[in-house]
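Shown next, in structure tokens, is the structure this report addresses.
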Amino acid sequence: MNVLDSQLVTGQLRAMGYRFVDDWRGASVVLYNTCSVREQAENKVYSRLGELGIYKRDHQDVVLGVLGCMAERDGVDMLRRFPQLDILCGPGELDKVPLLIDNAVKTKLGARMDAAESAGGGGGLTAGGRAALQGNKHRRSSTLAAAEDQLELLDLSRSFSPDDYSGSAYVRITRGCNKFCTYCVVPNTRGAEVHRAPDHIIDECKRLVDAGVVEITLLGQTVNHYHYDHGASVTIAGVQQPQVGQAVSGPGRGAGTRLTTFADLLDRIHDEVSGLSRLRFVTSFPRDFGDDILQVMADHPRICRYLHVPAQSGSNRMLELMNRGYTVEQYIDLLDRARAYLPGVEIAGDLICGFPTETHEDHQATCDLLRRAQYKNCFVFKYSPRPGTAAITRFQDDVPDVEKKRRNNELLAIQSGISEQVHSRYVGRTVRVFVESVSHKAAKEADASSGATVTLGWEKPVTQLSGRTDGDLIVVFDGEPSLIGSIVQVRVERSAPLTLFGRLVEQAVIA
Ligand code: 5AD
Ligand code: SF4
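My numbering puts the first residue of the sequence shown at 4, with every later residue one more than the last.
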């Protein structure tokens with residue numbers, strides 16, 4: 004979600020003539036797009052702001068901004084704590100970033116002129132005129148959200164220049180979240196769940212494909228909750244407005260109804276955006292994931308056999324305290340249904356360890372779930388108490404950090420063995436790979452001197468490329484960088500816990 008937000012803001016600024024530089028030291032405007040989900044991520048931003056504060060002592064004209072969830076969560080406190088900040092802008096107001104930059108520049112100019120007048124020239128800048136825009140703190144009603152939702156315009160106005168995409172793009176279908184998991188800041192920072200009109204989504208997908216995109220990832224915090232009620236849609240100034248809705252999945256969807264469910268949306272995109280080679284979506288919520296969605300995936304070969312479905316815990320007691328709204332048994336049922344409908348589907352998960360009151364038994368239940376789930380990979384997080392969440396007020400963070408680390412490592416060790424097995428099953432098979440980039444590992448090894456190209460005396464230079472299968476497994480193989488952004492066939496020769504290594508099958512570029 005944050006990557007897409009950054010792309011939309013940069014696209015907007017580029018269209019207005021801003022240029023982007025590699026090193027922030029050469030920039031007139033420095034913007035950080037931030038995440039509040041865990042404390043560690045926030046601490047990194049605070050330390051960067053400290054660095055920028057020192058830099059700004061000698062470069063007062065530089066405009067410094069914090070965008071995204073930290074701006075929303077920390078609000079004006081952040082402006083007080085970091086006088087070097089000029090702009091704060093929450094995720095619900097990102098369409099206003101150019102205006103905020105403009106204002107900051109004018110304020111600086113104004114302050115300089117005032118200072119020049121009063122001091123007879125030369126003066127410094129005042130700290131006044133700083134702007135903070137937050138939108139989602141007060142979760143708005145559906146009608147207000149629909150009427151005020153300027154953010155839809157940001158999605159609609161995205162740049163479709165082929166230069167902006169290397170074959171893959173994100174498309175937001177739902178913003179915000181209504182789940183209120185007790186540990187999570189997202190419902191506060193990103194606001195209520197709002198669904199975009201299907202016609203807008205499909206139009207955006209078509210324009211991306213026209214710009215050369217071959218893979219689209221649909222985004223939502225709980226992507227399978229997507230639901231658009233055409234009977235209740237509101238049009239303002241010719242623009243169909245996004246709307247708040249309940250998850251609908253299962254019987255009752257489809258032609259003749261005035262609803263577009265997530266299954267309907269997948270179906271429509273698959274059929275109406277025929278030039279698209281790959282359609283994926285993240286992140287799925289374990290409840291409200293009906294067989295209708297699995298059936299559409301099974302019927303449509305261009306929809307990737309990949310699900311990211313966070314379980315968070317394998318203990319029903321923990322799931323209840325987390326307010327997740329499902330049981331371990333229901334979660335396992337979803338995995339089983341997915342594997343029955345979609346043979347070969349790959350599944351990834353998220354787990355939190357050390358949630359308040361988590362006992363040894365609760366943790367063992369999570370280990371059991373992890374063994375049962377057979378994920379291709381799993382992100383494991385140590386519980387981090389976040390301001391503004393229900394958990395921080397309701398529960399004491401009573402699992403010591405050393406114990407959180409121990410549980411974290413145990414879960415990672417179990418998953419590593421499973422990942423190794425999952426990946427090893429691919430050896431000897433030929434897989435379709437979307438080529439993403441020059442392999443990081445190769446790029447690192449080759450260092451700055453020669454990029455990721457290795458020359459062995461008389462041989463032709465070889466570049467290691469990295470891409471993903473349609474089950475989201477990472478594949479590394481030798482090939483020409485010109486293949487980046489296309490889909491190729493690779494024969495897998497060996498595997499590691501998180502990577503497949505293979506050989507390009509001819510130059511079989513599929514898309
Ligand atoms: N502490 C630890 N992990 C968290 N996550 C979200 N909030 C917290 C928190 N307070 C994890 C969840 C979620 C992922 C994006 O981050 O596992 O799925
Ligand atoms: Fe956070 Fe829960 Fe919503 Fe995911 S579903 S964004 S964890 S509140």
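Glycine residues also receive a C-beta, built at the ideal position from the N, C-alpha and C atoms.
Remember, it's a predicted structure, so these values are computed and weren't measured experimentally.
With a CB to CB cut of under 8 angstroms and the five nearest residues on each side skipped, what residues in its chain are close to Arg-515?
There is no way to answer for residue 515, as the model of the chain reaches only from 4 to 514.
Can you give me the C-alpha to C-alpha distance between Asp-167 and Gln-377, rounded to a whole angstrom?
Roughly 36 angstroms between the two C-alpha positions.
Looking at the secondary structure, which residues open and close the beta strand (DSSP E) in which Ile-490 lies?
490–499
Roughly how many angstroms separate the alpha carbons of Val-217 and Ser-280, rounded to a whole number?
5 angstroms
Check Gly-255 in the structure and name its three-state DSSP category.
At Gly-255, the pLDDT of 46 sits below 50, so the modelled position is not reliable and the matter cannot be decided from this model.
Given the structure, does Ile-355 come close to the ligand 5AD, in the sense that its CB is under 6 angstroms from one of the ligand's heavy atoms?
yes
Please give the ranges of any beta strand (DSSP E) in the segment 372–449, keeping only runs that are unbroken, at least 3 residues long and fully inside the region.
380–385 and 433–441
Could you tell me whether any non-hydrogen atom of the ligand 5AD is closer than 6 angstroms to the CB of Cys-187?
yes
Is Cys-370 helix, strand or coil when you go by DSSP?
helix
What I want to know is whether the C-beta of Arg-389 ends up closer than 6 angstroms to one or more non-hydrogen atoms of the ligand NAD.
Among the ligands in the structure shown, the ligand NAD does not appear; only the ligand 5AD and the ligand SF4 can be found there.
Tell me which same chain residues have a C-beta within less than 6 angstroms of the C-beta of Pro-201, skipping the five on either side of it?
Tyr-231, Thr-263 and Leu-268
Backbone secondary structure at Val-188 - three-state DSSP:
coil
According to DSSP, simplified to helix, strand and coil, what is Arg-84?
helix
Taking 7 angstroms as the cut-off, decide whether the C-beta atoms of Phe-398 and Asp-353 are in contact.
no
Less than 7 angstroms separating the beta-carbons of Val-436 and Val-491?
In contact: Val-436 and Val-491 (Cβ atoms closer than 7 angstroms).
Selection from Gly-68, Gly-53 and Arg-305 that minimises the alpha carbon distance to Asp-274:
That would be Arg-305, whose Cα lies nearest to the Cα of Asp-274.
Across the segment 30–45 and the segment 55–71, are there enough close Cβ pairs to call them in contact, namely three or more that are closer than 8 angstroms?
yes
Which complete beta strand (DSSP E) runs does the segment 16–51 hold, if anything under 3 residues is left out?
32–37
Top-ranked residue by Cα proximity to Glu-439, from Ser-171, Ser-162 and Pro-94
Ser-171
How far does the beta strand (DSSP E) with Phe-265 in it reach, from first residue to last?
No beta strand (DSSP E) holds Phe-265; the alpha helix (DSSP H) holding it covers 265–275.
Per DSSP, what kind of secondary structure is Cys-72 in: helix, strand or coil?
helix
Do you know offhand how far Glu-423's Cα is from Ile-417's?
10 angstroms
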